[in-house]
Amino acid sequence: MEIKKAEFLTTVAEDKNLLLDLKNQFAFVGRSNVGKSSLINALTRNSKLAKTSSTPGKTKFVNYFSLNGGELHIVDLPGYGYHKASKDAEQKWITLIENYFLMSTNLKCVFVLVDIRHDVSPLDLIMLQFLVANRTNFVVVLTKADKLSRNEQTRQVEAISRQIGIPKGNMVVVSSEKKQGLVELTDKMSDYMDID
């Protein structure tokens with residue numbers, strides 16, 4: 000599948016305003032500073048679509064993007080684990096994310112972003128366990144691959160696969176900087192769009 004057009008739709012701060020009727024939703028979630036916005040921009044070939052920042056925790060709400068004239072939608076969820084956020088703010092983000100997952104009947108797949116340079120964090124594991132418990136389709140996306148050599152990437156994929164018990168076939172290695180893995184991601188979207 001080729002992404003020919005992408006546009007920002009809206010930002011939602013409360014679950015009562017979630018856009019549940021948008022078809023073919025693909026959610027992006029991960030720790031703060033894992034590179035979510037950069038990946039969305041690289042994937043859509045629009046460097047200004049999702050706001051990027053050197054400050055972790057920039058995404059605090061649910062951001063919706065329409066692709067190919069509404070054929071499918073990317074949903075950018077708040078980053079978790081930002082240590083400077085207050086406990087109340089963190090809990091509000093977590094509740095918003097959980098409600099999005101539980102209420103969005105048109106959610107096709109969740110891309111869980113993990114920095115390939117590090118072990119999977121306890122918060123990442125909680126996220127994966129939540130998705131498994133709720134029978135939600137997901138793919139683990141290992142970001143910032145350009146920071147490692149190909150051999151180091153291979154070793155980290157093996158290590159992370161063992162750590163979380165997920166087969167390598169359900170993982171995609173990406174680099175927003177080098178455009179690595181973007182075709183694999185759009186192929187995954189196509190696969191899940193064909194599932195009713």
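In numbering that gives the first Met the number 0, the protein residues as written are 0 to 195. All residues carry an ideal CB built from backbone N, CA and C; glycine is no exception. Just so we're clear, the structure is a prediction, and the values are computed from it rather than from any experiment.
Cα-Cα separation, residue i to residue j
i      : j      : result
ASN169 : ASP114 : 16 Å
LEU130 : GLY69  : 25 Å
GLN162 : LYS143 : 19 Å
GLN155 : GLU183 : 18 Å
PRO166 : ALA158 : 11 Å
ASP190 : ALA12  : 30 Å
PHE7   : TYR63  : 6 Å
ASN98  : PHE25  : 15 Å
VAL140 : ASN67  : 22 Å
LEU200 : VAL61  : Since the first residue of the chain shown is 0 and the last is 195, residue 200 is not available in this structure.
ARG134 : LEU42  : 26 Å
LEU21  : ILE73  : 10 Å
GLN179 : ARG149 : 11 Å
Residue i - partner residues in DSSP beta bridges
i      : result
ASP114 : THR142
GLN24  : HIS72, LEU106
TYR63  : THR9, VAL74
ARG30  : TYR79
SER174 : GLN179
PHE137 : VAL109
Cβ neighbours of residue i in the same chain (closer than 7 Å, five flanking residues each side left out)
i      : result
GLY29  : LYS35, GLY78, VAL111, LEU112, VAL113
MET126 : VAL28, VAL111
THR104 : LEU19
LYS59  : PRO77, TRP92
GLN152 : ILE115, ALA144, VAL172
For residue j and residue i, believed in contact at Cβ under 8 Å, the rounded distance
i      : j      : result
ASN45  : MET192 : With a Cβ gap of about 20 Å, ASN45 and MET192 do not count as contacting.
VAL171 : LYS187 : 7 Å
Own chain, CB closer than 6 Å to residue i, minus 5 neighbours either side, in chain order
i      : result
ASN40  : SER46, LEU48, ALA49
ASP145 : SER174, GLU176, LYS177
LEU124 : none
Cβ shell of residue i (< 8 Å), same chain only, five flanking positions each side left out
i      : result
THR54  : Summary for THR54: the model assigns pLDDT 49, below 50, so the residue's position carries little reliability, and this model does not support an answer.
GLY246 : Outside the modelled stretch of the chain, which goes from 0 to 195, sits residue 246, for which no answer is possible.
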